[in-house]
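Structure, as structure tokens:
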Amino acid sequence: MNKDRPPELRSLRARILTRLVHGYFSLSRGMTVGVRAACFDDRGRIFLVRHGYVPGWYMPGGGVERFETAEQALEKELKEEGNLEITGRPQLFHVYYNRKVSKRDHVLFYKVAVHQTAPRLPDREIVESGFFDPDRLPPGTTAATRRRLDELRGTAEPDAYW
């Protein structure tokens with residue numbers, strides 16, 4: 477049963493926190509929508525974050541709040557998680573159904589060019605972050621992150637599921 481879960485949701489702590497957050501969202505929202513982005517700097521490196529509450533390296537992102545557009549949420553999350561400023565226009569790449577986290581969650585996935593205004597200092601939410609060569613990702617990079625990069629490269633067809 478545990479093998480059916482993505483590695484980042486196999487720990488009891490991660491599952492409990494995910495259920496609590498999505499339980500709250502199920503009461504406050506009919507459907508959850510999130511944004512996530514493949515953020516590339518001017519050297520072609522991708523920005524990844526490692527959270528303190530789930531294992532693995534992820535592309536930055538978060539939920540779209542009430543009265544907020546997807547692009548406003550994207551801009552906010554990139555600033556919060558990486559001190560990143562978007563340069564140019566974000567490109568919506570694909571929309572995914574994130575059924576492994578919640579039966580009501582969708583992710584809008586963007587490709588963006590970014591500039592980092594200052595290094596992101598570690599805290600309880602983001603314990604580590606940085607830019608990486610897409611061909612040399614850090615150990616522990618999630619399978620979903622690797623799949624999204626393959627889709628962006630054109631070596632895999634975009635899937636309907638995150």
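All letters in the sequence shown, in the order written, are residues 477 to 638 by our numbering. Virtual Cβ for every residue (Gly too), placed ideally from N, Cα, C.
> What residue does the alpha helix (DSSP H) around T593 start on, and which one ends it?
Replying inline: In the sequence shown, residue 593 corresponds to position 117, counting from 1. That residue, T593, is in no alpha helix (DSSP H); it is neither H nor E in DSSP.
> Of all the options G630, L584 and I602, which has the alpha carbon lying nearest to the alpha carbon of Y534?
Replying inline: Residue numbering aside, residue 534 sits at position 58 when the sequence shown is read from its first letter. Of G630, L584 and I602, the smallest CA-CA separation from Y534 is found for I602.
>> If you measure between the beta carbons of A636 and R623, is that distance less than 8 Å?
In response: Here residue 636 corresponds to residue number 160 of the sequence shown, with the count starting at 1. Here residue 623 corresponds to residue number 147 of the sequence shown, with the count starting at 1. Against a cut-off of 8 Å, the Cβ pair of R623 and A636 comes out as no contact.
> Which word fits P566, buried or exposed, when buried means at least 16 other C-beta atoms lie within 10 angstroms of its C-beta?
Replying inline: Locating residue 566 in the sequence shown gives position 90, where the first residue counts as 1. Per the 10 Å Cβ criterion, buried.
> Thinking C-alpha only, which one of A594, Q592 and Y572 is nearest Y586?
Replying inline: As a first step, residue 586 must be located in the sequence shown, where it is residue number 110. It is Y572.
>> Our contact map puts H570 next to P634 with C-beta atoms below 8 Å; I'd like the distance itself, whole angstroms only.
In response: Within the sequence shown, numbered from 1, the residue matching residue 570 stands at position 94. Within the sequence shown, numbered from 1, the residue matching residue 634 stands at position 158. Rounded, the Cβ-Cβ distance is 4 Å, consistent with contact.
> Of the residues G528, G538 and R526, which one's Cα is nearest the Cα of L584?
Replying inline: As a working note, residue 584 is residue 108 in the sequence shown. Residue G538 is the option with its Cα nearest to L584.
>> Using a Cβ-Cβ cutoff of less than 7 Å, which residues in the same chain neighbour D626 once the five nearest sequence positions on both sides are dropped?
In response: For the purposes of this step, residue 626 is identified with residue 150 of the sequence shown, where counting begins at 1. Once the five neighbours on either side are set aside, the close Cβ partners of D626 are A632.
>> Rounding to the nearest angstrom, what Cα-Cα distance links G630 and L568 in this structure?
In response: Residue numbering aside, residue 630 sits at position 154 when the sequence shown is read from its first letter. Residue numbering aside, residue 568 sits at position 92 when the sequence shown is read from its first letter. Looking at the two C-alpha atoms, the distance is approximately 15 Å.
> For the candidate residues V590, A589, G564 and G558, whose alpha-carbon lies nearest to that of E604?
Replying inline: Residue numbering aside, residue 604 sits at position 128 when the sequence shown is read from its first letter. Measuring from the Cα of E604, the nearest candidate turns out to be G558.
>> Tell me the rounded alpha-carbon separation between K555 and P595.
In response: Residue 555 sits at position 79 when you count from the first residue of the sequence shown. Residue 595 sits at position 119 when you count from the first residue of the sequence shown. Distance between the alpha carbons of K555 and P595: 11 Å.
> What is the residue span of the beta strand (DSSP E) that I606 lies within?
Replying inline: If you number the sequence shown from 1, residue 606 lands on position 130. According to the sequence as given, residue 606 is Gly; it is not Ile. I602 to F608 is the extent of the beta strand (DSSP E) around G606.
> Taking T618 as the reference, which of E553, S578, P598 and P536 has the closest Cα?
Replying inline: The residue labelled residue 618 in the question sits at position 142 within the sequence shown. Of the candidates E553, S578, P598 and P536, the one whose C-alpha sits nearest the C-alpha of T618 is P536.
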